[in-house]
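*Asks:* Numbering (UniProt numbering) for the sequence shown: 1 to 527.
Sharing a structure below in structure tokens format, with a few things to ask.
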Amino acid sequence: MEPAVWGQLVSWPSLVVQLAIALVAIAIRRRYLSELSDIPGPFWASITRLWHVFVILEGQQNLRLKALHRKHGHFVRIAPREVSVSHPEARWILQDDLFKADWYKVTSVPDRRFQNPMSTTDPKKKKALSKHFARGYGLSQVLQHEVRVDENIRELLHWLNVFAKDQKPMDLGNFVTFTTFDNVGSVFLSKPFGFIKAGCDIGGTLKNNVALSKFAAVAGFFLIPLRILVNPLTSGMMFLPMGHLYRTTSNAMRVRMKDHGSERDILSQWLREWERHPKLTLRQIEAQLNVNVGAGAEPVSTAIQSTIYHIIQYPTALAKVRAEIADAQENGLCLGDVVSFRDANRLPYLQACIKESLRMFSPTTMGLPRKVPEGGLTIGSRFFTKGTILSVSSQVIHASTEIWGPDAGQWKPQRWLIGDTRDMEKNWLVFSAGYMTCPGRHFAMMQIVKVTASLIRDFDFDRVDPKKAWKWQANFTALTHSWPVWVRHYSGDSETSRASPGQQCDVATGRFDADKSVRVEPTPIAS
């Protein structure tokens, strides 16, 4: 057909009109004719994924999701084919062997050639691949590296001593993050990245990681453009946001291939597994290493910060933790400059404070999405057909009054020490559940209990501005920040250590009220 004739038949205005009609038709079908049309939620969420993307980039999706569930109930539609679930049966979505949503494919780092257990959506394939890495994550194996973790914690203690002596405000969150990143380097690669020793963000790596976290959280919804942008060429040129970290892992892989018997770290253990099992590839090992380096440090830092942030606001709880440590010291425990994992695990009240702090603010803020299988799935009295994506947010579940009772919004460590806690344990989703339970949970808990016990035992922390809550950026995970503190050496006679039994400090007024538990809701920010 001649161009002139075609131009007479089809004009740009007519194309625009036809496109508009098509988009309106799609919107009407998704909004009113979908099998999910009866599920309440934001108007735009029923039409386009962009609503969810905006909320993620805004950095407040944890608060948004909790508010939506308070308003609408157990099921909230957050995308045309995705429903956020807060029903008490929600944990079964994670515990069952359901396929993960395609979003997880974004975690094949640095590009799609590098498959790992997290990026593998088929539960059977994921389990088979995970078996090759499982031994390196075992508690007995992790404890073999405790001495390396201690070295980095000592560097953190050094900086605390410096700030205590100089009486300058300390950005505790940054220094904890430096420590957790270096712990990953020490345990997986036998060498820390150098952040905590330098006391700074080398090459802006961690700052870039915040942007990377935001990018990854939304890029999983746009896999085709992602594969064009992140490809073998860009990864081969090391054109990556976390260049310092990935260069370190890549170099470690090359060096270790020549002699991986001389080091006793997790990477060497995986390489020995590769020698025994030809189906395991070097790319899969490097992919798993990259996931641990890129995503294994910030959630642990947030967990440590959450625990300390909550404990120091409750004088009674702080006094109880310190009394528990003092009793342990009288029995020959908790005496080293860094509290050992073995000793810290013998502090039940501290353990309760950690669990409660992570319930109140768990590091993973995004809902974990699963696909409904063939034959459908029923949650409560609602049936969902094949292909529907159901997502479960730990922060939403942890705020449920149906699961945790009317005091779900209150920080109460004692809930973990009274009666049968097995049902609470099942709904404590900090490390997810089922076949996607976090493999690094033992390594994470070792750091959390050791750092918390050591810092609470030896230092007093006062927020520079008690009226100003911390901040965070909630993408897939949340990294807390901006709560500078004054640091003092704890001498055993500070005012907080003399709080009377049964008292709690009202964070808003500073008054002590008998047996009062105060709700602490951090103030969000979009960084």
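Ideal Cβ positions, reconstructed from N, Cα and C, are used throughout, including at glycine.
1) Looking at C-beta atoms only, is the number of pairs between the stretch 92 to 107 and the stretch 400 to 407 that lie closer than 8 Å three or more?
2) Between Lys191 and Ser391, what straight-line distance do the alpha-carbon atoms span, to the nearest angstrom?
3) Using 8 Å for Cβ pairs, my map puts Ser130 next to Pro117. What's the rounded Cβ distance?
4) Of the choices Arg227, Glu425 and Asn174, whose alpha-carbon is the least far from that of Ile202?
5) Run through the DSSP bridge pairs and tell me what Ser84 is partnered with.
6) If you count every other CB in all the chains shown that lies within 10 Å of the CB of Thr177, and 16 or more means buried, which is it?
7) Taking only three categories from DSSP, how would you classify Ala463?
8) Look at Ile266 and Phe188 and say whether their C-beta atoms are less than 8 Å apart.
9) Among Asn62, Leu50, Val142 and Tyr32, which one has its Cα closest to the Cα of Ala444?
10) Determine the DSSP secondary structure at Arg382, reduced to helix, strand or coil.
11) From Thr452 to Arg154, what distance separates their C-alpha atoms?
12) Would Tyr104 be called buried (16 or more neighbouring beta carbons within 10 Å of its own) or exposed?
13) To the nearest angstrom, report how far apart Arg256 and Thr281 are at their CA atoms.
14) When the Cβ atoms of the stretch 66 to 80 are set against those of the stretch 27 to 45, are three or more pairs found closer than 8 Å?
15) Return the CA-CA distance between Asn231 and Arg112, expressed in angstroms with no decimal places.
16) Starting from Pro369, trace the beta strand (DSSP E) both ways and give me its first and last residue.
17) Of the choices Phe75, Thr477 and Glu89, whose alpha-carbon is the least far from that of Val83?
18) Can you round the beta-carbon distance between Leu172 and Phe361 to whole angstroms, since I take them to be within the 8 Å contact cut?
19) How many angstroms separate the CA atom of Trp92 from the CA atom of Leu429?
20) Is the Cβ-Cβ distance between Ala303 and Asn475 less than 8 Å?
21) Under 8 Å between the Cβ atoms of Pro413 and Ala317?
22) Taking DSSP as the reference, what is the three-state secondary structure of Ser14?
*Replies:* Let me lay it out:
1) no
2) 37 Å
3) 4 Å
4) Asn174
5) Answer is Val76 and Ser391.
6) Buried: at least 16 other Cβ atoms inside 10 Å.
7) According to the sequence shown, residue 463 is Arg rather than Ala. Three-state result, Arg463: strand.
8) yes
9) When only C-alpha atoms are compared, the closest one is Val142.
10) strand
11) 13 Å
12) buried
13) 15 Å
14) yes
15) 8 Å
16) Its beta strand (DSSP E) spans residues Leu368 to Lys371.
17) Phe75
18) Actually they are not in contact, since the Cβ atoms of Leu172 and Phe361 sit about 15 Å apart, beyond 8 Å.
19) 11 Å
20) no
21) Yes, they are a contact pair.
22) helix
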